[in-house]
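The letter at position 304 of the sequence shown is residue 303 when you use numbering that gives the first Met the number 0, and the numbering goes up by one with no holes.
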Amino acid sequence: MQRIQLLSPRLANQIAAGEGGGRPASVIKELLENSLDAGATKLEVDVEQGGIKLIRIRDNGHGIDKDDLSLSLSRHATSKIVELADLEAVGSLGFRGEALASISSVSRLTLTSRRVDAQAAWSVRSEGREMATEISPASHPQGTSVEMRDLFFNTPARRKFMRTENTEFKHLDEVLRRISLSRFDVDFSLSHNGRVIRQLKKAQSLREQERRVAAICGPAFIDQSIKVEMQAESSGLSLRGWISLPTFSRSQADLQYFFVNGRVIKDRLVTHALRQAYSDVLFNGRHPAYVLYLELDPALVDVNVHPTKHEVRFRENRLVHDFLFRAIHRVIGDVRPDFQSGKLPQDSAASAVVAEQAIPQQQGIGLNVPDSGSAELLAQPAPAYQSVNPSASYMREQSNSYGQLGRASQASADVNLAQLADNESQVPPLGFAIAQLHGIYILAQNAQGMIVVDMHAAHERIVYERLKRSYTEEKVRSQPLLVPVSVALSALEVDCAEEHHGMFAQLGFELARLGEESIAIRQVPVTLAKSDVEQLVRDVLADVVALGSSRKIQESINELLSTMACHGSVRANRQLTIAEMNQLLRDMESTERSGQCNHGRPTWTAMSLSELDKLFMRGQ
Ligand code: ADP
Ligand code: MG
0 MQRIQLLSPR
10 LANQIAAGEG
20 GGRPASVIKE
30 LLENSLDAGA
40 TKLEVDVEQG
50 GIKLIRIRDN
60 GHGIDKDDLS
70 LSLSRHATSK
80 IVELADLEAV
90 GSLGFRGEAL
100 ASISSVSRLT
110 LTSRRVDAQA
120 AWSVRSEGRE
130 MATEISPASH
140 PQGTSVEMRD
150 LFFNTPARRK
160 FMRTENTEFK
170 HLDEVLRRIS
180 LSRFDVDFSL
190 SHNGRVIRQL
200 KKAQSLREQE
210 RRVAAICGPA
220 FIDQSIKVEM
230 QAESSGLSLR
240 GWISLPTFSR
250 SQADLQYFFV
260 NGRVIKDRLV
270 THALRQAYSD
280 VLFNGRHPAY
290 VLYLELDPAL
300 VDVNVHPTKH
310 EVRFRENRLV
320 HDFLFRAIHR
330 VIGDVRPDFQ
340 SGKLPQDSAA
350 SAVVAEQAIP
360 QQQGIGLNVP
370 DSGSAELLAQ
380 PAPAYQSVNP
390 SASYMREQSN
400 SYGQLGRASQ
410 ASADVNLAQL
420 ADNESQVPPL
430 GFAIAQLHGI
440 YILAQNAQGM
450 IVVDMHAAHE
460 RIVYERLKRS
470 YTEEKVRSQP
480 LLVPVSVALS
490 ALEVDCAEEH
500 HGMFAQLGFE
510 LARLGEESIA
520 IRQVPVTLAK
530 SDVEQLVRDV
540 LADVVALGSS
550 RKIQESINEL
560 LSTMACHGSV
570 RANRQLTIAE
580 MNQLLRDMES
590 TERSGQCNHG
600 RPTWTAMSLS
610 ELDKLFMRGQ
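Take a look at the structure:
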């Protein structure tokens with residue numbers, strides 16, 4: 000047996016260096032955060048060999064006092080908090096006072112700094128087992144430079160875990176991309192092996208910010224995104240940023256940036272809320288893309304739960320989850336064909352909270368929905384649409400004329416737009432139907448050019464949204480089970496079931512406690528009578544325990560309604576009259592989420608005259 004002895008400072012720091020992630024990307028994260036904490040507005044990063052050979056960061060922040068230089072390299076030394084209470088409302092990115100000590104214990108690190116008011120600059124480096132510091136005069140403008148060479152030169156075991164230069168560089172670049180999205184007010188530059196890779200100028204106006212987002216996430220993302228701007232006044236939560244249209248989804252969850260009070264985080268609760276908000280519109284297995292900024296009272300979020308601070312803990316899980324879900328669900332629901340451009344709107348969200356008016360029910364296109372076992376639902380008059388799109392009120396005024404228009408033009412199938420509307424703004428966003436192609440597509444003409452609609456996909460969404468509305472407005476009908484199902488659960492879950500009794504009741508479930516660790520399901524919604532209610536209740540409780548809320552029941556109901564809608568929609572090869580086609584276009588304009596079918600496929604596409612002209616090289 001060995002005797003107990005204290006670790007040397009270097010060894011203790013080397014162990015801590017492993018916890019921080021132990022690769023160039025984690026080094027650069029700490030260094031960039033230090034510069035930002037120092038109020039820097041300009042950050043220059045030079046990297047060699049993926050960051051393994053060299054990482055140099057120069058900032059124009061407030062610098063470090065000569066007398067503090069030695070301390071900055073020792074463990075548990077920080078200028079950012081003084082007492083425990085400061086952690087409650089910590090506003091800086093760092094606060095553990097470990098980064099520089101750890102990094103300098105596993106590399107050759109030199110820190111050079113000049114304080115705002117200082118006459119001269121000084122450098123510091125540490126040496127030996129004890130990490131004794133040595134200070135020397137240097138030349139440097141106001142601010143700080145950290146130069147880190149030969150990462151893990153003295154810990155060969157760690158060095159082996161490093162990947163190729165390219166892979167390490169990719170990770171490092173990803174860190175810089177994330178941080179640059181969190182601070183539009185800062186200039187960033189990055190060069191690798193002497194080549195400039197990124198050069199990001201301060202972005203003040205919305206346009207400039209979108210340019211930066213495009214530089215980081217690709218121009219396609221910004222082109223196909225919706226701007227988000229939401230506030231919950233009562234709780235003080237606010238959310239802004241950009242989310243992708245459902246039709247711009249990704250096979251990987253790689254374009255998902257979420258910031259909480261300016262800090263980049265990856266959080267299960269956030270991912271879950273976002274996924275749910277997209278659940279109705281995303282193609283199976285696809286991932287949404289987003290750049291979102293959540294702001295809330297720092298006292299409501301704990302950032303000290305993970306060494307790299309990638310995770311946070313919200314004091315009010317449920318509040319945050321519901322706010323995110325609702326905000327995003329709402330924004331996606333409000334996407335409509337835009338009245339002006341015939342394209343999907345960029346900023347529908349901004350107005351989402353402002354106007355909300357009900358417009359009278361448009362006549363359906365009168366197709367029979369085959370009996371799928373829930374005829375009572377389908378027989379319900381569909382409720383009025385809600386819409387925030389300016390075209391909606393236009394449509395209300397005009398809706399009577401559509402029928403006539405359709406009938407009148409039916410014979411010729413040749414809608415003369417010029418006659419119908421000498422003023423361009425009179426043409427609705429999806430235009431007027433001209434013909435049906437191969438029994439599958441509707442060809443329409445609007446003010447900008449042509450529109451092609453997949454009629455089955457579009458109609459499916461319209462029927463689905465109608466079913467969902469009638470379902471909620473009719474109040475959930477529920478039926479008792481002949482034999483109650485008893486479910487064995489953990490004591491925690493049983494308590495949770497009892498506590499959320501009201502939520503279950505609202506969705507048509509009646510649960511009763513049987514004992515410490517079991518409950519009985521006595522009553523279920525009619526729609527779900529044939530499904531695996533036991534599994535459903537288990538899933539819901541697991542969600543509620545982990546996240547404070549669950550939408551599993553609603554999702555199961557939606558899944559069923561979606562299947563019904565699919566069966567109830569126009570099939571291919573069904574001949575539609577022009578009037579029916581026009582009605583479908585009008586219904587699309589006023590239906591939530593009508594840009595995607597229930598499976599997340601797009602329902603329509605547009606081509607402008609100028610795009611057509613280009614195709615035929617007209618005017619070139
Ligand atoms: P922490 O960031 O958790 O405080 P670090 O080890 O990263 O711990 O840094 C230690 C201290 O060194 C910081 O608290 C700060 O006072 C100072 N410091 C580090 N980097 C910079 C910088 N770029 N500009 C000014 N001060 C810095
Ligand atoms: Mg730090």
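All residues carry an ideal CB built from backbone N, CA and C; glycine is no exception.
Computed from a predicted model, the values in this text were never measured in an experiment.
Checklist entry - Cβ-heavy atom distance between I63 and the ligand ADP below 6 angstroms? => result yes
Item to check | Three-way DSSP call (helix, strand, coil) for R285 in this model | outcome: coil
Item to check | Own chain residues within Cβ distance below 8 angstroms of E164, not counting five before or after | outcome: Q48, G49, I51
Item to check | Those runs of the beta strand (DSSP E) which lie wholly inside the region 580–609 and span at least 3 residues | outcome: Inside the region 580–609, DSSP marks whole beta strand (DSSP E) runs of 3 or more residues at positions 603–607, from first to last along the chain.
Item to check | Of the residues E310, K79, M606, the one placed nearest S34, counting alpha carbons only | outcome: K79
Item to check | Where H191 sits in the DSSP three-state scheme | outcome: Correct three-state label for H191: strand.
Item to check | Residue from E610, P140, E43 whose Cα sits closest to the Cα of I63 | outcome: P140
Next on the checklist: Looking at the secondary structure, which residues open and close the alpha helix (DSSP H) in which T471 lies?
Outcome noted: 454–472
Checklist entry - What distance in whole Å lies between the Cβ atoms of D184 and T40, which are believed to be in contact at a cut-off of 8 angstroms? => result 7 angstroms
Item to check | Nearest neighbour of I245, chosen from D333, A528, T307, L92 [CA to CA] | outcome: According to the sequence shown, residue 245 is Pro rather than Ile. Among D333, A528, T307, L92, the Cα nearest to that of P245 belongs to D333.
Checklist entry - Span of the alpha helix (DSSP H) holding K41? => result Note, K41: premise wrong, no alpha helix (DSSP H); beta strand (DSSP E) at 41–47.
Next on the checklist: Give the list of continuous beta strand (DSSP E) stretches no shorter than 3 residues that lie fully inside the region 55–126.
Outcome noted: 107–113, 120–126
Next on the checklist: Given this structure, state the Cα-to-Cα distance separating L323 from L86, to the nearest angstrom.
Outcome noted: 25 angstroms
Checklist entry - Counting pairs of beta carbons, one from the region 573–590 and one from the region 467–477, are three or more of them closer than 8 angstroms? => result no
Item to check | A15 - DSSP class collapsed to helix/strand/coil | outcome: helix
Checklist entry - Does the distance from the CB of V462 to the CB of G599 come in under 7 angstroms? => result no
Next on the checklist: Quick check: what's the CA-CA separation for S485 versus I520?
Outcome noted: 6 angstroms
Checklist entry - When DSSP builds the beta bridges, which residues end up paired with M161? => result Bridge partners of M161: none, in fact.
Checklist entry - Looking at the unbroken beta strand (DSSP E) that takes in M616, where does it start and where does it end? => result No beta strand (DSSP E) contains M616, which DSSP labels as neither H nor E.
Checklist entry - Using a beta-carbon distance below 7 angstroms, is V269 in contact with chain D? => result Going by chain labels, chain D is absent from the structure shown, which holds only one protein chain.
Checklist entry - With a cut-off of 8 angstroms, do at least 3 Cβ pairs link the region 0–8 to the region 17–26? => result At 8 angstroms Cβ cutoff, the stretches do not touch.
Item to check | Own chain residues within Cβ distance below 6 angstroms of L30, not counting five before or after | outcome: I56, V145
Item to check | Collapsed DSSP secondary structure at A137 in the structure displayed | outcome: Looking at A137 - three-state DSSP - the assignment turns out to be strand.
Checklist entry - What does Y440 pair with, by DSSP beta-bridge criteria? => result L436, D453
Item to check | Buried/exposed call for T166, threshold 16 Cβ in 10 Å | outcome: exposed
Checklist entry - Do you know how far the Cα of K529 is from the Cα of V452? => result Looking at the two C-alpha atoms, the distance is approximately 35 angstroms.
Next on the checklist: Rounded to the nearest angstrom, what separates S517 and I54 at their Cα positions?
Outcome noted: 58 angstroms
Checklist entry - Would a C-beta distance cut-off of 7 angstroms place L171 and A24 closer than the cut-off? => result yes
Checklist entry - Taking 6 angstroms as the cut-off, is the CB of R95 close to at least one heavy atom of the ligand ADP? => result yes
Checklist entry - Is A76 near the ligand MG, judged by its Cβ being under 6 angstroms from some heavy atom? => result no
Checklist entry - Beta carbon of N33: closer than 6 angstroms to some heavy atom of the ligand ADP? => result yes
Item to check | Identity of the residues DSSP links to Y277 by a beta bridge | outcome: Y277 pairs with nothing; no bridge assigned.
Checklist entry - Based on the DSSP output, what are the partners of P8 in its beta bridges? => result For P8, which the question treats as bridged, DSSP gives no partner whatsoever.
Item to check | Cβ-heavy atom distance, K226 to the ligand ADP, below 6 angstroms | outcome: no
Item to check | Those residues which DSSP pairs with V523 across a bridge | outcome: BP columns for V523 point to Q478.
Next on the checklist: By alpha-carbon positions, which one of F615, L513, V212 ends up nearest to D494?
Outcome noted: Checked all of F615, L513, V212; the closest Cα to D494 is L513.
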